[in-house]
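Asks:
Chains as they are written, first to last, in UniProt numbering: chain P, 1 to 394; chain E, 1 to 394.
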């Protein structure tokens, strides 16, 4: 009796559950400490102390009916104003609370953006490899996800193909930098070139093409690399931000959407985001954590912990013969699998108690994803298994 | 550039905003203390102290990565098990964590249920007057909301018309007791009769018709009235529960869906609810508050505060000539307007600084809704305005 759309998901989700059960099975045989689960993107670094302090300050000073009550569906005005100011300082912009809406993480943000923009059949472009949920989010509103490949030597998108694939049905382009699953950070030049393509096509087609930047990993960047802020480069731009990774609080579902004030139909978009937040059932982003993050805008998890993990794992894999683009952000590596069949490769890896995700899951076969948001010691211990795996093929 | 579906909402939402602005205008002229806003359902009773205590206990005893991290998209297993046990004790059932999924309030719960059940064109029946969001939730998944009227002398649904309107496209029936906007609690007899109709039609049509109970007001019931639990009466039943009102924490977006274990396609439904929670962008119900409510299952706001409000307002209105079904729950009154045109009546009420919602907003013209979740003193002060309003017509 469940809907046709959901039937497909349910059958897929049993595959994922099977993988999960397999992990549990391995743990029960070899001991959890000897199974190396690189499959999940659940941050292991602790949230900063400031979260706890903020909660206790709020409980001490603010009225419980304010803290836990309804507010405007867009979120508390004072919280939005503080975040706007924070963004303005960092990226030299002039946003106000009216450019922002608080959301249930970036996932909630992307959904209200797509509900706002898409008529059935409208197209949304993204670049492979990509976070598989984009396809589901677009399908929620009967849109069509169009996949443009990246150059697999750099994991930068193929802008020529992008230009070819844009047509009058193209409503939006989703980018994600620092990227899941590659860890690549899009350079300023790339963002400029991308903006140029979009501007050119908008003019040619007399249409609006919105650039949506999915940014749960914005603060997780290494080696001083700058992550360009798209509002500085492209007019029709929206950012879906999440505090899940920057503050290690993914369970709390807190983030925001910011829309460029110069975007086409800005007022309609902001009103629609507000209504979509309500009618999709989010109603508003969780209230206490809106107030918490407003007090933690200058806090961040210790990114060096992830960097140390990256260096250890990346250096070792390259040393033993894996080919991999060096990630400058997020907490993923996306090496080439040692045989073309990445699903088989992931299966083989299990023999050495390595749980990895085939690149096909991100529409980029011949690769695999490693999430290194696990403990340094566990990664260290896993290196031997990677050695054994590599020896089978190299 | 926004979608056709959202255009309609945005134009409607400017009407609501206009009302809101009007309230602000009145406050600026007459002073906030002299404007009587009965339009909002934002609980004014303070959350129980146990919320604060639970948070500080959790912060003291549990690991931050557990408290704020990802968990199964259905919610923490231990939390679901505790809630199941709590329900079992109260309603003599045998639920387990597998019958439950934690949601972003009842609004999130209803959305994942409808995403699970509806193919485009499927019909969902509800009884007028009803909470206007049901129409939006059903439209989110391209379903069609079919409205069956209630008897306006009792606000119990017309079960004959229900039976007439059920056809092979009918996927679900939504009920809401204690009811928004009438405050009426459905009796055990009514639930039994309703179940009989549904069972008969299921058999006749060889189909499954799910009964969905929207229960944000379950604990807000007066005079010892019992609110029947539909899982005890009907097999294909789901409850969307929320802690928003029982604990006065509507901003935190925490609730759950429970599905009867004997329901048709139970396993598919539970898996689909899990996936829908993820792909609609909720991902999971906010993590800290999942753990908080698990520690507050025996807590409740002081319902007597609402009861005192109801008694004061109901008794006075009836005394001065209003006709009103006496509400046994929730925090709403739904009297007849003193002229047939309820929109005009609401406009007239503003002359006496009374902000009320026309019954047409709940698809029941000729009435108006008063939310009495405001302070007792404010209600007392407002009585004079009701007197003046009534004098215009009686």
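No residue lacks a Cβ here, since even glycine has one placed at the ideal position from N, Cα and C.
I'd like to know if the stretch 23–32 of chain E and the stretch 356–376 of chain P are in contact, where contact means that at least 3 CB-CB pairs between them fall below 8 Å.
Replies: Short answer: they don't touch.
Asks: Can you tell me the Cα-Cα spacing of residue 289 of chain E and residue 281 of chain E, whole angstroms?
Replies: Cα-Cα distance, rounded: 18 Å.
Asks: Give the secondary structure of residue 250 of chain P by DSSP, where H, G and I count as helix, E and B as strand, and everything else as coil.
Replies: Looking at residue 250 of chain P - three-state DSSP - the assignment turns out to be helix.
Asks: Rounded to whole angstroms, what's the CA-CA distance from residue 384 of chain P to residue 216 of chain E? Just pull it up for me.
Replies: Using only the alpha carbons, I get a separation of about 54 Å.
Asks: Do three or more CB pairs link the stretch 158–168 of chain E to the stretch 296–305 of chain P at distances below 8 Å?
Replies: The stretch 158–168 of chain E vs the stretch 296–305 of chain P: no contact.
Asks: In chain order, what residues of the same chain have a beta carbon less than 6 Å from the beta carbon of residue 404 of chain E, not counting five sequence neighbours either side?
Replies: The requested residue 404 of chain E is not part of the displayed model; chain E covers only 1 to 394.
Asks: For the alpha helix (DSSP H) holding residue 270 of chain E, just list the boundary residues, first then last.
Replies: First-last of the alpha helix (DSSP H) with residue 270 of chain E: 266–279.
Asks: According to DSSP, which residues form a beta bridge with residue 130 of chain E?
Replies: DSSP output for residue 130 of chain E lists no bridge partner at all.
Asks: Measure the CB-CB distance between residue 340 of chain E and residue 333 of chain E and report whether it falls below 9 Å.
Replies: No, the pair does not count as a contact, with Cβ atoms beyond the cut-off.
Asks: Helix or strand or just coil, what does DSSP make of residue 64 of chain E?
Replies: Reduced to three states, the DSSP call for residue 64 of chain E is helix.
Asks: Check each residue of the stretch 234–261 of chain E: if its Cβ is closer than 9 Å to any Cβ of chain P, include it; give the result in chain order.
Replies: Listed in sequence order: 236, 244, 247, 248, 249, 250, 251, 252, 253 and 254.
Asks: Looking at residue 116 of chain P: is its Cβ nearer than 9 Å to the Cβ of residue 349 of chain P?
Replies: It is not a contact, given that the beta carbons lie outside the stated cut-off.
Asks: Flag this pair as yes or no: are the beta carbons of residue 307 of chain P and residue 222 of chain P separated by less than 9 Å?
Replies: Yes; because the gap between Cβ atoms is below 9 Å, this pair is in contact.
Asks: State the beta-bridge partners of residue 102 of chain P as determined by DSSP.
Replies: According to DSSP, residue 102 of chain P bridges with P:256.
Asks: Note down, in chain order, all residues in the stretch 14–48 of chain E with a beta-carbon under 9 Å from any beta-carbon belonging to chain P.
Replies: Correct list: 14, 17, 40, 41, 42, 43, 44, 45, 46 and 47.
Asks: Let me confirm a value: residue 353 of chain P is counted as buried when at least 16 other C-beta atoms fall within 10 Å, else exposed. Which label applies?
Replies: Label assigned to residue 353 of chain P: buried.
Asks: Could you tell me whether the stretch 163–178 of chain E touches the stretch 126–145 of chain E, using the rule of 3 or more Cβ pairs below 8 Å?
Replies: With the cut-off at 8 Å, the stretch 163–178 of chain E and the stretch 126–145 of chain E touch.
Asks: Which of the residues in the stretch 106–117 of chain P, read from start to end, lie with their CB under 7 Å from any CB of chain E?
Replies: So the close ones are 107, 108, 110, 111, 115, 116 and 117.
Asks: Using the beta-carbon of each residue, which ones in chain P are nearer than 8 Å to residue 82 of chain E?
Replies: Near residue 82 of chain E there are no residues of chain P at all, since even the closest Cβ is about 17 Å away, more than 8 Å.
Asks: Would you mind working out which of P:245, P:194 and P:166 sits nearest residue 206 of chain P, comparing C-alpha positions?
Replies: If we check each option's Cα against that of residue 206 of chain P, P:166 comes out closest.
Asks: Closer than 9 Å between beta carbons: that is the criterion. Which residues of the stretch 128–145 of chain E meet it against chain P?
Replies: Listed by position along the chain: 133, 136, 137, 139, 140, 141 and 142.
Asks: Answer with buried or exposed for residue 371 of chain E, where buried requires no fewer than 16 other C-beta atoms within 10 angstroms of its C-beta.
Replies: Answer is buried; the Cβ neighbour count reaches 16.
Asks: So is residue 92 of chain P buried or exposed if we call it buried at 16+ other beta carbons inside 10 Å?
Replies: Exposed, since its Cβ has fewer than 16 Cβ neighbours within 10 Å.
Asks: According to DSSP, is residue 345 of chain E part of a helix, a strand, or is it coil?
Replies: Helix.
Asks: When DSSP builds the beta bridges, which residues end up paired with residue 170 of chain E?
Replies: BP columns for residue 170 of chain E point to E:123.
Asks: Starting from residue 214 of chain P and walking both ways along the beta strand (DSSP E), at which residues does that stretch end?
Replies: That run of the beta strand (DSSP E) goes 210–215.
Asks: Which residues does DSSP pair with residue 369 of chain P in a beta bridge?
Replies: P:357.
Asks: Taking only beta-carbon positions, decide if residue 286 of chain P is within less than 9 Å of chain E.
Replies: Yes, contact with chain E.
Asks: Using the C-alpha atoms, what's the distance from residue 379 of chain E back to residue 150 of chain E?
Replies: Taking the straight line from one Cα to the other gives about 28 Å.
Asks: Tell me the rounded alpha-carbon separation between residue 279 of chain P and residue 335 of chain P.
Replies: Roughly 41 Å between the two C-alpha positions.
Asks: Which same chain residues, not among the five before or five after residue 209 of chain E, have their C-beta less than 6 Å away from its C-beta?
Replies: Correct list, in chain order: 170, 198 and 202.
Asks: With DSSP run on the structure shown, which of helix, strand or coil describes residue 221 of chain P?
Replies: It is a strand residue.
Asks: In the DSSP assignment, what residue or residues form a beta bridge with residue 147 of chain P?
Replies: For residue 147 of chain P, which the question treats as bridged, DSSP gives the partners P:126.
Asks: Find the nearest neighbour of residue 260 of chain E within the set E:140, E:185 and E:97, judged by alpha-carbon distance.
Replies: Checked all of E:140, E:185 and E:97; the closest Cα to residue 260 of chain E is E:97.
Asks: When the Cβ atoms of the stretch 76–84 of chain E are set against those of the stretch 98–115 of chain E, are three or more pairs found closer than 8 Å?
Replies: The answer is yes - the stretch 98–115 of chain E touches the stretch 76–84 of chain E, with three or more Cβ pairs under 8 Å.
Asks: Establish whether the CB of residue 203 of chain E and some CB of chain P are separated by less than 9 Å.
Replies: For residue 203 of chain E, the answer is no, since every Cβ of chain P falls outside 9 Å of its Cβ.
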